Each structure stands twice: as C-alpha cells, then as structure tokens.
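For what it's worth, the working numbering labels the leading residue of the first sequence as 1, then goes sequentially. Notes for the one structure printed next.
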Amino acid sequence: MATNLSTPPLSPYLSSHNHHHHCPLRLPANNKRCTISSKRAPAPPSAVAGEQHSPSLAEQLKPLSTTTLSDQPNEAQLLSKPKSTWVNPTKSKPSVLSLQRHKRSSPYSHNPQIKDLRNFAKKLNDCEESAFSDVIEKIPHPPTRENALLLLNSLRPWQKTLIFFDWVKAQNAFPMETIFYNVTMKSLRFGRQFQHIEALALEMVEKGIPLDNITYSTIITCAKRCNLFDKAVEWFETMYKTGLMPDEVTYSAVLDVYAKLGKVEEVMSLYERGRASGWKPDEIAFAVLAKMFGEAGDYDGIKYVLQEMKSLGIQPNLVVYNSLLEALGKAGKPGLARSLFEEMVESGVSPNEKTLTALIKIYGKARWARDALQLWERMRLNGWPVDFILYNTLLSMCADLGLVEEAEALFEDMRGSEKCRPDSWSYTAMLNIYGSGGNVDKAMVLFREMSEGGVQLNVMGCTCLIQCLGRAKRVDDLVSVFGIAVESGVRPDDRLCGCLLSVVSYCEGEDASKVLACLERANVALAAFVRVISGEESPSFDVVKEELKRILSSTAVEARRPFCNCLIDICRNRGRHERAHELLYLGTLYGLYPGLHTKTEEEWRLNVRSLSVGAAQTALEEWMGTLARIVQRRESLPALFSANTGSGNHKFSQGLGGAFASHVEKLAAPFTESEGKPGLFTATREDLVSWLQSRAPPSAATTAFTN
DNA sequence: ATCGGTGATG
Numbered sequence: 001m002a003t004n005l006s007t008p009p010l011s012p013y014l015s016s017h018n019h020h021h022h023c024p025l026r027l028p029a030n031n032k033r034c035t036i037s038s039k040r041a042p043a044p045p046s047a048v049a050g051e052q053h054s055p056s057l058a059e060q061l062k063p064l065s066t067t068t069l070s071d072q073p074n075e076a077q078l079l080s081k082p083k084s085t086w087v088n089p090t091k092s093k094p095s096v097l098s099l100q101r102h103k104r105s106s107p108y109s110h111n112p113q114i115k116d117l118r119n120f121a122k123k124l125n126d127c128e129e130s131a132f133s134d135v136i137e138k139i140p141h142p143p144t145r146e147n148a149l150l151l152l153n154s155l156r157p158w159q160k161t162l163i164f165f166d167w168v169k170a171q172n173a174f175p176m177e178t179i180f181y182n183v184t185m186k187s188l189r190f191g192r193q194f195q196h197i198e199a200l201a202l203e204m205v206e207k208g209i210p211l212d213n214i215t216y217s218t219i220i221t222c223a224k225r226c227n228l229f230d231k232a233v234e235w236f237e238t239m240y241k242t243g244l245m246p247d248e249v250t251y252s253a254v255l256d257v258y259a260k261l262g263k264v265e266e267v268m269s270l271y272e273r274g275r276a277s278g279w280k281p282d283e284i285a286f287a288v289l290a291k292m293f294g295e296a297g298d299y300d301g302i303k304y305v306l307q308e309m310k311s312l313g314i315q316p317n318l319v320v321y322n323s324l325l326e327a328l329g330k331a332g333k334p335g336l337a338r339s340l341f342e343e344m345v346e347s348g349v350s351p352n353e354k355t356l357t358a359l360i361k362i363y364g365k366a367r368w369a370r371d372a373l374q375l376w377e378r379m380r381l382n383g384w385p386v387d388f389i390l391y392n393t394l395l396s397m398c399a400d401l402g403l404v405e406e407a408e409a410l411f412e413d414m415r416g417s418e419k420c421r422p423d424s425w426s427y428t429a430m431l432n433i434y435g436s437g438g439n440v441d442k443a444m445v446l447f448r449e450m451s452e453g454g455v456q457l458n459v460m461g462c463t464c465l466i467q468c469l470g471r472a473k474r475v476d477d478l479v480s481v482f483g484i485a486v487e488s489g490v491r492p493d494d495r496l497c498g499c500l501l502s503v504v505s506y507c508e509g510e511d512a513s514k515v516l517a518c519l520e521r522a523n524v525a526l527a528a529f530v531r532v533i534s535g536e537e538s539p540s541f542d543v544v545k546e547e548l549k550r551i552l553s554s555t556a557v558e559a560r561r562p563f564c565n566c567l568i569d570i571c572r573n574r575g576r577h578e579r580a581h582e583l584l585y586l587g588t589l590y591g592l593y594p595g596l597h598t599k600t601e602e603e604w605r606l607n608v609r610s611l612s613v614g615a616a617q618t619a620l621e622e623w624m625g626t627l628a629r630i631v632q633r634r635e636s637l638p639a640l641f642s643a644n645t646g647s648g649n650h651k652f653s654q655g656l657g658g659a660f661a662s663h664v665e666k667l668a669a670p671f672t673e674s675e676g677k678p679g680l681f682t683a684t685r686e687d688l689v690s691w692l693q694s695r696a697p698p699s700a701a702t703t704a705f706t707n
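Here you go:
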C-alpha cells in the first residue's frame, strides 16, 4: 500500500479498497508539509457525465441511496462509527454525482398568486415575533406545496422560518419533502443555528425523508461556520454510510472543512479519491486548495494547484487568483505573486479590493516600495475598487516602508471620504508610523484625536505609542497613556509587556520604577522577575532558571525572544554582567536563539541579527571567552571569524550594527565591518588569536557557560 | 429564492 497517512481518523471516503491505484502523493508521516510529485496519474477514463448513451450517474446511484435511506435507519445506527470500506465493495467503483443546478426559472413564475404571497411574506417578516403565529393564519391563499415553499424561502430571521415550517407541517396539506427541510436549514444556517439544523436532520432520518447533497452540504457548512468542525466531519461520514455520493458542492465544502482543520493530507487524499472517481474539480475546489497551501506556506502545493488547473484546462477566476496571490505571499514569493497578478490582468480578470489588499500587503512585507507605489498609482488610474480594508492596508504598507508623507496623504483622504473614515486600524497604522519614526508629538496628537472622536485605542496602537514615548523618555506621558488605555479596555498582551520591558531596560532610577509599575499591572510575574534579577539579593542560578522557564512557557512564542533580550539588557545596564551571561545561556537552552553560531570548515560565524544590543554584546563576549580557551588548548581554528548584525532593512530600524561596532571598538577586538556588507564584521584567525593572547585569561563570567 | 471558495497590525 502506497498510502502513508499519519493521522488515523480519516473519513471513510478516503480509504477505499482500491485506493492504491491512485496515490501519486508522497506524504511524509512525520512532516506537516506535503510534498507533491510533479506528475500525477492521468485522470481515469470518464465513467461520469458527458457520456450521453448511458443513464446519468444520479440515476445510476439512485437505487443505492434511496434503498439505504428508506430502510429507516435509526439514530444510533446512523451515527455509529462507519465502516472503512464502501457500502458495497463488490459494486464497481462509485463515481461522483454530477451537479445539476436548479434552473433559474423558478417554479413560482406561473403562480398567479405570487404577488399576494410576496406581500404576505413581507408582512410576516415585518411583524413582531409575538404576533407572528397570528399573522400566519391570515395567509391569503391555501398553503399548497408551491405557496409554502415560496414563503419558506423568503422568511427571516430563522425563528420565523422555524415557526412557519412547523405550521406548514401541522397543516398536513401535503407530504414533506427534502426541499422543505433544505430551505428551512438554509435560513437556520444564516442564523448559525447548528443545533436546530441537526435536530431537523435527525427528524428527516426518523421520518424517512431522504437527505440529499443539498441537505448534507448545508449541514456541513453550517457546522463549519459555527466552528464545529468535528460535527462537519461527522456528518460527512454519516453521508458516506448512506451510500450517497458527494457532488461538487459537497466535495469542496468538505475539502474546506479538512483544510480549515489544517489536515493537508486528508484534503489531498480526498481530492485524489474524488479525481479517481470522476470528479472534475472546479474553481471553488482550487480556491480551497490554494488557500490551504498558503496557510501552510507550502509553495510546492501552490505549484501543484496551478499545474492541476492547467492540466484540467480550467482558467482561474477572480477568487482563485485572489487565493493564489495570498498564498504566494504567505509562502514568501512576492516576485511570483507580482507576475501572477500581471498574468491575471492580461487575461482580462479585473482585480477587486481583496486582490489589491493581498498585493499591497505582499509588497509592503517585501519592502518593495517601488512596486507598492506603482500599484497604488495604477489603482487610481484604472479606477480599481477601493474599500476601507484596502486603505488601511495601504497605511500599514506605508508603515512597513517608512513612507510618512504618503501615509499622511492617505489618512487625509480617508478623513475627507464618506465611507472610508479612519477607524482604529487606520489610527493604529499611523501610530505605528509616528511611533517607529520617533515623532512623539504627532503620535500624541493622534492619541488625543482618537479619544475625542470616539475611536477606541487598541492594544497594538497602545504598544506603538508606548514604544515611542519610551524612546523619547517621556515616562510620565507613558504612564498616563498606559493607564488610560487599560481603563478604556485595552488588555495588555505579551507584546505590550515586551515593549514595557524594553523601556524598563533603558530607563534608570525613578523612571524605571514607574514603567515597572505599569508592567506589574500587565504581568505580575514578569515584573517580579525583573526585580529579582536586578535587585540587591542575588538569587541562585537554579532559581533564576526555574522562574525564567515558568515565565517563558506562559508567554506567546513570538514574545519570548524579545523578553529574554530585554532581560539581558536590564542586567547589563545594571552592571549584572554574570547574570546577563546566564540569561543568554538559558535563552539558548530554551531555543530562543537558534543558529546563533554557525560553523563551516573555513569560517565560524556569530549571528546576532535577532538579538538586542546588550544580548549581542553578551554573545560576543561569551564567544571570545570560548575562543580564548580554544586558543589556550591549542585546538584548531578556521581561517575566518565573523559576526553578523544584519543591516536592518527597515527604514526606522535602530542600529544594532552601530552599537556592535562601538562595543568591538571598546574591546579593541580585531573585527572590522566589511566593505559593501553593512552589519558583517570579520576578523582573521591571526589577528584574533594574537588579540586573545594579549588579553588577560578569560574571566569567570565568560567561562561560566560554553557552547 | 434548496448546497461550496477570497482581504487587515507590532
């Protein structure tokens, strides 16, 4: 068996007895990433739609589905764990149902009573819910099948639909059919009433009313919207048990369920199973796949989607393009996103707001200022649609690229507009721009404007503002902003704590105490730890280790390294160098600094790009201590040593390189910054060894921990 | 007007 699926609870649809015929995928069991071979088995000869001489598949399969359902399975039977093979394995391979959309011409079009009923529906929708039951009785025409359907279709909200449906059932004027349940469920789904939908589905089972693809896909998508993914999968399995084949809609709905659960392997297996049984995936299925691979950052997966569409002769539509562009951005391929966008426009598909939002975001993250600004220009020239999310994304892009004037112009545009008024996102983007550019006064003007205009400050805006006030050493303003923010409902998160912590690290005396008091309101344990490591009493290494571990494990992953960096800075700035070395060691131990040291035959490198100034200095000292011992022991060394601080692509990035350079200078270490490679400091073995030998033997601080 | 897919921050 070629399948190699690591997660057992697969839908039975995924594990047919003849699965091994169609598995061009190689799915590493221990790897979430899905490796996709570039060749897939050719689609099997179509046993499906398009063959005019044979009966339609729906007809072929009808006996199977109706007999299974008319056996009136009870609830326990229906919901029991399905078997892992097809209901009837001796039958030839089951095929996908082809979709037959219902014609536009509605069954009501020849109904002469339609006008009356429309008015009546409006009356029902407008009346108080308490009066609803009484109003129903005034129905102008008898509730025939068609009349009832028309009304059921136009009722809202779900409470009324449900009451009306019960009323129709009570009239006993005609037998209830599947469509009545489907229409009612649609209204319930609109109100996210999964419990009610499930109850209706069970009622259908009980009464022997067949559930069809429309019923199942409505149930499944409702569960999905209610985030009840297990329920969605469960009902898909139930569908399998009855022997009903999924149609295109059900396929894409279920693929989306698995995709949203992050079950890439299941999605691909189901996709392959569907393909093997004659399903021709459409744009919607490909949009689902593209999004899934984007979420996984899986570029091979994205290529697979493009290739599949090509081989099936399907042109991407707008939504597919949007999903693919987004996915390419998440997979870190801005250049490919750009060329796909050009291809899209050339093929005659006009971008919408979502397309442009995706691209602007990609260009901003890639720091492609020229492309971003050109696209913005093109948007205006072509009259491409703009909405407030796109506006806010443009502002964030300006923040990423340091385009202050452009952002100000945009923000003014928004102020003057009717439908794109600046909201808390817009203000946050501006606070980010002024905050990272150090323009405290403008940031504070915005802050006051927000409270006057009733725009709520959010946690990110608060973080930007506090960062800015901290750098400007306006500690009293910082304390006041923090207080106002918390009182107005901002709940400090780990990033805000990291920001406060960094302000603590470069403040002294009274200022540091004030900021630490803010931090204490947000994170008691962290503030206490700061007091411990910088206070008079000197706790043991083991105590520090345990407490740091406790704090870091309850901290969001993206804030852990910043925490550790700041804590190291705090120690250094308060003359606790040994403790700084301990913290760097612990940070390395807990995996916060992967790839700090890289070694090749020719060169050993210290990578400090993601370290704070103090942490980088500590790491350099630690490394020099280690090398000194290696020299003492006369072990072999490579010809070249280097330390990389990175150059900081961001316009506002503070100069780690500069601080590192002055530290190197202070130590008189023989590192020099490379020509043309800012942030890369190199030293030859000869220079470094003679410098190390000229120094006093390594101190206790630098010998405490070795790598 | 009985079923499915796309966008936002440090």
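From the three backbone atoms N, C-alpha and C, an ideal C-beta is built for every residue, glycine too. Bear in mind the structure is a predicted one, so any value in this text is a computation, not a measurement.
Going by the beta-carbon positions, is the gap between Leu431 and Cys464 smaller than 7 Å?
yes
Given a cut-off of 7 Å, decide if Thr161 and Thr184 are closer than it, judged by their beta-carbon atoms.
yes
Can you tell me whether Asn227 is buried or exposed? The criterion is at least 16 other CB atoms within 10 Å of its CB, across all chains shown.
exposed
What distance in whole Å lies between the Cβ atoms of Asp400 and Lys365, which are believed to be in contact at a cut-off of 8 Å?
6 Å
Tell me the residue span of the alpha helix (DSSP H) that contains His663.
656 to 667
Which residue marks the beginning of the beta strand (DSSP E) containing Lys599, and which one marks its end?
597 to 599
Are Val459 and Val490 closer than 7 Å when you measure CB to CB?
yes
Given Phe388, which residues of its chain have a CB within under 6 Å of its CB, disregarding the five upstream and five downstream residues?
Cys420
Please report the distance separating the alpha-carbon of Thr66 from that of Gly208.
Note that Thr66 has pLDDT 32, beneath the 50 cutoff, so the model's placement of it is unreliable and no number is given.
Please report the straight-line C-alpha distance between Ala223 and Ala201, rounded to a whole angstrom.
13 Å
When you compare the CB positions of Val249 and Tyr258, do they come within less than 7 Å of one another, or not?
no
If you check the beta carbons only, do Lys731 and Thr218 fall under 7 Å apart?
There is no way to answer for residue 731, as the model of the chain reaches only from 1 to 707.
My output table needs one value for Trp691: the three-state DSSP class, helix, strand or coil.
helix
Is it true that the segment 515 to 526 meets the segment 580 to 591, where meeting means three or more beta-carbon pairs spaced less than 8 Å apart?
No: the two stretches stay apart, fewer than three of their Cβ pairs being nearer than 8 Å.
List the endpoints of the continuous alpha helix (DSSP H) containing Ala201.
In the DSSP assignment, Ala201 falls within the unbroken alpha helix (DSSP H) covering 194 to 207.
Output the distance between the C-alpha atoms of Arg415 and Pro422, rounded to the nearest integer angstrom.
6 Å
Using the rule of at least 16 other Cβ atoms within 10 Å of the residue's Cβ for burial, across every protein chain shown, is Ser612 buried or exposed?
By the neighbour-count rule (16 or more Cβ atoms within 10 Å), Ser612 is buried.
Between which two residues does the beta strand (DSSP E) harbouring Lys606 extend?
Here the sequence assigns Leu to residue 606, which means Lys is not the residue at that position. Its beta strand (DSSP E) spans residues 603 to 607.
Using a 10 Å radius around the Cβ and a threshold of 16 neighbouring Cβ atoms, would you call Leu149 buried or exposed?
buried
Using the three-state DSSP reduction, which class does Phe388 fall into: helix, strand or coil?
helix
So, are the CB atoms of Leu289 and Val264 less than 7 Å apart?
no
Would you kindly report the start and end of the unbroken alpha helix (DSSP H) that includes Phe132?
132 to 136
Just confirm the distance between the C-beta atoms of Ala358 and Asn322, as a whole number of angstroms; I'd bet it's less than 8 Å.
6 Å
For a quick check, are the C-beta atoms of Leu394 and Leu375 less than 7 Å apart?
no
Please say whether Lys330 and Gly297 have beta carbons closer to each other than 7 Å?
Contact flag set, yes.
So what's Phe681 in DSSP terms, helix, strand or just coil?
strand
Residues in its own chain within less than 6 Å of Tyr391 by CB, not counting five upstream and five downstream?
Within the same chain, Tyr391 has close Cβ partners Met414, Cys420.
If you compare alpha carbons, which of Ala285, Tyr593, Lys599 is closest to Asp256?
Measuring from the Cα of Asp256, the nearest candidate turns out to be Ala285.
Name the one or two DSSP bridge partners that Asn644 has.
Asn607, Leu680
Under three-state DSSP, which class holds Thr144?
coil
Could you give the C-beta distance for Tyr427 and Gly461, rounded to a whole number, given that I count them as a contact under 8 Å?
6 Å
Below 7 Å CB to CB, which residues in the same chain sit around Leu79 once its five sequence neighbours on both sides are set aside?
At Leu79 the pLDDT is 32, less than 50, meaning the model places this residue with poor confidence; the figure from the coordinates comes in the next sentence. Taken in chain order, the residues that qualify are Thr238.
So for Thr555, helix, strand or coil by DSSP?
coil
With H, G and I counted as helix, E and B as strand and the rest as coil, what does DSSP make of Ala41?
The predicted position of Ala41 is uncertain, since its pLDDT is 35 and thus under 50; a value taken from the coordinates is nonetheless stated next. In the structure shown, Ala41 sits in coil (DSSP, three-state: anything other than H, G, I, E or B).
Per DSSP, what are the beta-bridge partners of Glu272 in this structure?
Secondary-structure assignment with DSSP links Glu272 through no beta bridge to anything.
Look at Trp158 and Gly191 and say whether their C-beta atoms are less than 7 Å apart.
Between Trp158 and Gly191, the C-beta gap is smaller than 7 Å, which places the two residues in contact.
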